[in-house]
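Peer 1:
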Amino acid sequence: MLVLFLAAAPSVFDSFTLSQILTKALWLGIAAASLIFLSSYGGMISLGQTGIYAVAGFTMANLVHAANGRHLGWDPIAATAAGIAVATLFGLLCGAIAARSYGIYFLMLTLAISVIVFYFFAQVTTLSGYGGIRSVTPPALIGNPVANPAPLYYAALVASILVYAGIRYLARTPFGLVLQGIRDDPARMQALGFNVPLHRALAFGVGAFIASIAGILSVWYTTQISPGGVNLAQTINVLVIAVIGGLYRLEGAWIGAAVFSTIDNYSRLWMPNVGDWLGPDRFETVIGVIFLVIVLASPGGLVGIWESVWARRNRTRRGPTESSGTPAPETVDNDVDHHAAV
Amino acid sequence: MLRPQRNVEFRRLLATAALGLLAVTACTSNSTSTTTSNVIKIGILSDCLGDFGSFYNDDIGGALSVLAAHYGGKASGALPKDGMTGAKIAGKDIQIVGFGCSDSTASKAIEETRRLVEQLGADILIGPLSGDEGIAVANYAKTNQPNKTFINGIAGAQEATLKVQAPNFFRFNPDGAQWSAGLGSYAYNKLGWRTAVTIGDDYAFPYTSLAGFIAEFCAVGGNVTKRVWPPLGTTDYSSFVAQIPTNVDGLFVGVGGAGLITFLKQYQQANGKLNSNKVMGNLFWIDPQLLAAIGTPMVGAVAANMIAADDTSAQTKAYVQELSVYPATQKDAASVFTLGYWNAMTALGMALTSVNGDISGNQKALQAALAKVVIDGPYGKVSLDSNRQAIADNWVTQITPPPAGSNVPGLKTILQIPKVDQTFGGFFDSSSTLDRTNPPCTKKTPPSWVGHEIPVNFG
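In order, the protein sequences belong to chains W and P. According to our numbering, the first sequence is numbered sequentially starting from 598. According to our numbering, the second sequence is numbered sequentially starting from 59.
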């Protein structure tokens, strides 16, 4: 039903909604999914995903025809592959550096990645400068995303499905299982002989690969990229999206992104003016309040709320069952655990 | 941990979320009605976030005041952002469909432009505010909306008109370089500077603003020995202050917005009190908000923009009176932000009147009328060149000690720079690149106004 709905969206919605709400939600969802993958399966809450997707976007934008930047005139598909490759390698490098740190130190290191990337591209005018790179040529298949948003929407939809399915698959591989073991108890996994930093660095590389897809889509979406669009505020936005959706549930990435882009757009229409306190220009206040409510009421995000409602309903139907008050990270089914461990 | 119900749960969850989104967006999509022939829809784009967010109500207040003063608009509240209804131009209802709230980044400006134009159905957009935003909106107008009309708010990057040349993007304010006209010659001929150093935020607008000083100063024989570029949003300027050499005759400051307050404080901590003969500022120095925030340190220094703040002529008084619908905006009448948006709406009102409110035919008649508009504004006439860029007078102004009972410095206009055009008499053209190192500092034929500055004294 959901797939049908999403596939039919271009004929249901006007081009603005398709582009500014749905396509935006899909690519932001992929960016948030890269963060949720790391936090949910690897126990790593990274603030570096925005910096990494910026690397992919800037690399691609410099390689194709564009105003500003290097505008080297590469074929957009080749430039996209190069952008993803460079960002993934960059992610692996950052992962290698950050892999031995945990908790707040990991958070700070990854935050530093995003800040460094922002200042790098803002300062190095031959690659971007503050004004960024404009009129970036998307592939012929995508065309002009403003005049005809459907192709980009489908590209983002297919990418989202592949990312979702890919992460689900990866979680069931031995690599994914080891990663979940490291998330739960790194010391024990080390004692069992697993190379913990290597696994964490590789996982960070996978997260970078996912984020880089979002970076490419974001450039096609606006046909430009500038440091102002990948600044600290955007880093926080990606985290807010993940938390609203559910930091420990992969589906939460797209749910959070859909809620975020809907509120971002429509709060400017709905919000009443209350003196200088509240009004359509107070989007950040609105999203901040929602963020606070979610964090206080349901640390598992919107998905967590759904789960607790579902659990309560089951409990009243079937009598008391085991239920956890706090969100549990993503974990694959036990039978697969067993199978893979053999 | 076993969760046998999860797949079913999530499918339902996603389906519910999707349907919810469908309901929400479908409901709101319906609200975007098509244009009827008796309604002209206008969107106003400004910044409510970022470095220039504090000018939000000055911007939209400048535009809406025109509707209130001339076209029967009724303010819906005390602040401009509360909206305005009831305005009619040439018998057509003017509907303000919404205000765009950007943050001085190109990506947000485009998102907000698209919301106003594509979602809310604006026929005409007034805005944006800041340099890079202006370039992005001009490109969007040219590539994606050739049948709608865009009138710049107060964005001042040269490229938006000189390079992009969108046939449906009009700018009734001078660009950043034009606002600096007169200062290069003043520094060389009056203050005796032979060498100078510049400092400005590292993005499109200051590139343009400082280019205006550099082009003129170098043309008359001066030499700019160093250009320092702190990133936009810098909060600690100490390392940039340290880069400013002291063995030069003068410093030209193009740091804007809130950054100027911090910069001046730190500059004085390092170098002592400002010597007004050795320092000069761009348009921000004489902005009413910043003047009030910074106070006396800048007294004696000279800056320039399109406003002669101490002019008390009937025309200026009439302009200030027009702003009376919004007292907070009226207080900032002498702000380029207020005047820029006022110019835009004034020009639109004149053009719409001249075509009798007819925006059919892909607005081509309206656009032709706009290109011919001459605003007889509070500080002189404003007309457009062939790239739809303003040609206007610029005013060199000296900051004076606060009047008795006030701690906000006064302003004394000293020179009128007549009919400043965007090319500086051929110094800039569509192939010009303005960046950290361009334009180069070269001695050449000075712009036409050098030597023809008109001394003024408004008493």
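Note that CB positions come from ideal geometry on N, CA and C, so glycine has one too. The model shown is predicted, which means the values in this text are computed figures rather than measured ones.
Evaluate the contact criterion for the region 149–158 of chain P versus the region 94–104 of chain P: three or more CB pairs, one atom per stretch, below 8 Å.
Peer 2: Segments in contact, yes.
Peer 1: Shorter than 7 Å, the distance from the beta carbon of P/L492 to the closest heavy atom of the ligand GDP, or not?
Peer 2: The ligand GDP is not part of this structure, which contains no ligands at all.
Peer 1: Where W/M641 and W/L619 are concerned, what is the direct C-alpha to C-alpha distance, given to the nearest angstrom?
Peer 2: Working through the first sequence from its first residue, we reach residue 641 of chain W at position 44. Working through the first sequence from its first residue, we reach residue 619 of chain W at position 22. Cα-Cα distance, rounded: 28 Å.
Peer 1: Are W/G842 and W/I833 close, meaning C-beta to C-beta below 8 Å?
Peer 2: The count along the first sequence starts at 1 and reaches residue 842 of chain W at position 245. The count along the first sequence starts at 1 and reaches residue 833 of chain W at position 236. No; because the gap between Cβ atoms is not below 8 Å, this pair is not in contact.
Peer 1: Given 8 Å as the limit, is there contact between the region 209–223 of chain P and the region 179–195 of chain P, that is, 3 or more CB pairs closer than that?
Peer 2: Yes: the two stretches touch, three or more of their Cβ pairs being nearer than 8 Å.
Peer 1: Does any CB atom of chain P fall closer than 8 Å to the CB of W/S608?
Peer 2: Residue numbering aside, residue 608 of chain W sits at position 11 when the first sequence is read from its first letter. No, W/S608 lies away from the interface with chain P (no Cβ there is under 8 Å from its Cβ).
Peer 1: Using a Cβ cut-off of 8 Å, pull out every chain W residue sitting near P/P289, in sequence order please.
Peer 2: In the second sequence, counting from the first residue as 1, residue 289 of chain P sits at position 231. Result: Y716, A719, Q720, Y727.
Peer 1: CA-CA distance, W/P748 and W/D611?
Peer 2: Along the first sequence, read from residue 1 onward, the residue named residue 748 of chain W stands at position 151. Along the first sequence, read from residue 1 onward, the residue named residue 611 of chain W stands at position 14. Answer to the nearest angstrom: the Cα atoms are 14 Å apart.
Peer 1: In the DSSP assignment, the beta strand (DSSP E) including P/S160 goes from what residue to what residue?
Peer 2: Within the second sequence, residue 160 of chain P is the residue found at index 102, counting from 1. That run of the beta strand (DSSP E) goes 150–160.
Peer 1: Kindly say whether P/P505, judged by its beta-carbon, lies nearer than 8 Å to any beta-carbon of chain W.
Peer 2: Mapped onto the second sequence, residue 505 of chain P falls at position 447. No, its Cβ sits nowhere closer than 8 Å to a Cβ of chain W.
Peer 1: Which chain W residues are close to P/D140, counting only those with a beta carbon under 9 Å from its beta carbon?
Peer 2: By one-based count along the second sequence, residue 140 of chain P stands at place 82. N870, G876, listed in chain order.
Peer 1: Are the C-beta of W/R912 and some C-beta of chain P separated by less than 8 Å?
Peer 2: Sequence index remark: in the first sequence, residue 912 of chain W carries index 315 (1-based). No, W/R912 lies away from the interface with chain P (no Cβ there is under 8 Å from its Cβ).
Peer 1: Would you list, in sequence order, the uninterrupted alpha helix (DSSP H) runs of no fewer than 4 residues that lie entirely inside the region 217–270 of chain P?
Peer 2: Runs found: 217–220, 234–237, 241–247.
Peer 1: Taking Cβ to Cβ, would you say P/I209 is nearer than 8 Å to P/A405?
Peer 2: Residue 209 of chain P sits at position 151 when you count from the first residue of the second sequence. Residue 405 of chain P sits at position 347 when you count from the first residue of the second sequence. Result yes, Cβ atoms of P/I209 and P/A405 sit closer than 8 Å.
Peer 1: Which residues in the same chain have their Cβ closer than 8 Å to the Cβ of P/A359, if we skip the five residues on either side of it in sequence?
Peer 2: Sequence index remark: in the second sequence, residue 359 of chain P carries index 301 (1-based). Here the set comprises L332, S334, V337, M338, G339, W343, Q456, I457.
Peer 1: At least one CB of chain W closer than 8 Å to the CB of P/S188: is that the case?
Peer 2: Here residue 188 of chain P corresponds to residue number 130 of the second sequence, with the count starting at 1. Not one chain W Cβ lies under 8 Å of P/S188.
Peer 1: Does the beta carbon of P/F157 come closer than 8 Å to any beta carbon on chain W?
Peer 2: Counting from one through the second sequence, the residue named residue 157 of chain P turns up at place 99. By this cut-off, P/F157 is an interface position.
Peer 1: Which whole runs of the beta strand (DSSP E) in the region 427–508 of chain P are 3 residues long or more, in chain order?
Peer 2: 433–435, 438–442, 448–458, 468–478, all fully within the region 427–508 of chain P.
Peer 1: Which two residues bound the contiguous beta strand (DSSP E) that contains P/T207?
Peer 2: Walking along the second sequence from the start, residue 207 of chain P turns up at place 149. Where P/T207 is concerned, the enclosing beta strand (DSSP E) stretches over 207–209.
Peer 1: Name the DSSP bridge partner or partners of W/D611?
Peer 2: Residue 611 of chain W sits at position 14 when you count from the first residue of the first sequence. Beta-bridge pairing links W/D611 to no other residue.
Peer 1: For W/H796, is the classification buried or exposed, using 16 other Cβ atoms within 10 angstroms of its Cβ as the cut-off for buried?
Peer 2: Mapped onto the first sequence, residue 796 of chain W falls at position 199. The residue is buried, with at least 16 neighbouring Cβ atoms inside 10 Å.
Peer 1: Give a yes or no on whether the C-beta atoms belonging to P/P289 and W/Y716 are separated by under 8 Å.
Peer 2: On the second sequence, position 231 is the one that residue 289 of chain P refers to. On the first sequence, position 119 is the one that residue 716 of chain W refers to. Yes, Cβ-Cβ distance for P/P289 and W/Y716 is below 8 Å.
Peer 1: Could you give the residue range of the alpha helix (DSSP H) that holds P/F310?
Peer 2: Within the second sequence, residue 310 of chain P is the residue found at index 252, counting from 1. From DSSP, P/F310 is part of no alpha helix (DSSP H) but of the beta strand (DSSP E) over 308–312.
Peer 1: Going by CA-CA distance only, name the one from P/G330, P/G234, P/V255, P/V286 that's closest to P/N305.
Peer 2: Within the second sequence, residue 305 of chain P is the residue found at index 247, counting from 1. Of P/G330, P/G234, P/V255, P/V286, the residue nearest in Cα terms is P/V255.
Peer 1: Three or more C-beta pairs closer than 8 Å, one from the region 279–294 of chain P and one from the region 243–262 of chain P: is that the case here?
Peer 2: Output reads yes: the region 243–262 of chain P touches the region 279–294 of chain P.
Peer 1: For P/G517, count neighbouring C-beta atoms within 10 Å of its own C-beta (all shown protein chains included) and say buried if the count is 16 or more, exposed if not.
Peer 2: The residue given as residue 517 of chain P occupies position 459 in the second sequence. Counting Cβ neighbours within 10 Å, P/G517 comes out exposed, since fewer than 16 surround it.
Peer 1: So for P/W343, helix, strand or coil by DSSP?
Peer 2: Reading the second sequence from its first residue, position 285 is the one you call residue 343 of chain P. Helix.
Peer 1: Is there contact here, the region 265–275 of chain P with the region 479–489 of chain P, by at least three beta-carbon pairs under 8 Å?
Peer 2: Yes, the region 265–275 of chain P is in contact with the region 479–489 of chain P.
Peer 1: Would you mind telling me which residues of chain W sit closer than 7 Å to P/S165, beta carbon to beta carbon, in chain order?
Peer 2: Locating residue 165 of chain P in the second sequence gives position 107, where the first residue counts as 1. By Cβ distance, chain W contributes T819, Q821, S823, G825, G826.
Peer 1: When we look at the beta-carbon of W/I764 and count the other beta-carbons within 10 Å, is it buried (16 or more) or exposed?
Peer 2: Indexing the first sequence from 1 puts residue 764 of chain W at position 167. Buried: at least 16 other Cβ atoms inside 10 Å.
Peer 1: From W/N870 to W/T770, what does the alpha carbon distance come to, in whole angstroms?
Peer 2: The residue labelled residue 870 of chain W in the question sits at position 273 within the first sequence. The residue labelled residue 770 of chain W in the question sits at position 173 within the first sequence. So the two alpha carbons sit approximately 53 Å from each other.
Peer 1: From what residue to what residue does the beta strand (DSSP E) around P/A361 run?
Peer 2: Taking the second sequence and counting its residues from 1, the one referred to as residue 361 of chain P is at position 303. Note, P/A361: beta strand (DSSP E), 360–363.
Peer 1: For W/I730 and W/A658, which I take to be in contact (beta-carbon distance under 8 Å), what is that distance rounded to the nearest angstrom?
Peer 2: Numbered from its first residue, the first sequence carries residue 730 of chain W at position 133. Numbered from its first residue, the first sequence carries residue 658 of chain W at position 61. Indeed they touch by this definition, with Cβ atoms about 4 Å apart.
Peer 1: Can you give the Cα-Cα distance for W/V733 and W/C691, rounded to whole angstroms?
Peer 2: In the first sequence, counting from the first residue as 1, residue 733 of chain W sits at position 136. In the first sequence, counting from the first residue as 1, residue 691 of chain W sits at position 94. If you take the alpha carbons of W/V733 and W/C691, they lie about 27 Å apart.
Peer 1: Could you work out which residues of chain P lie near W/Q617, taking near to mean beta carbons separated by less than 9 Å?
Peer 2: Reading the first sequence from its first residue, position 20 is the one you call residue 617 of chain W. By Cβ distance, chain P contributes E169, R172, R173, E176, Q177.
Peer 1: Along the region 477–495 of chain P, where does the CB come closer than 7 Å to a CB of chain W? Name the residues.
Peer 2: If the cut-off is 7 Å between Cβ atoms, the region 477–495 of chain P has D493, R494 near chain W.
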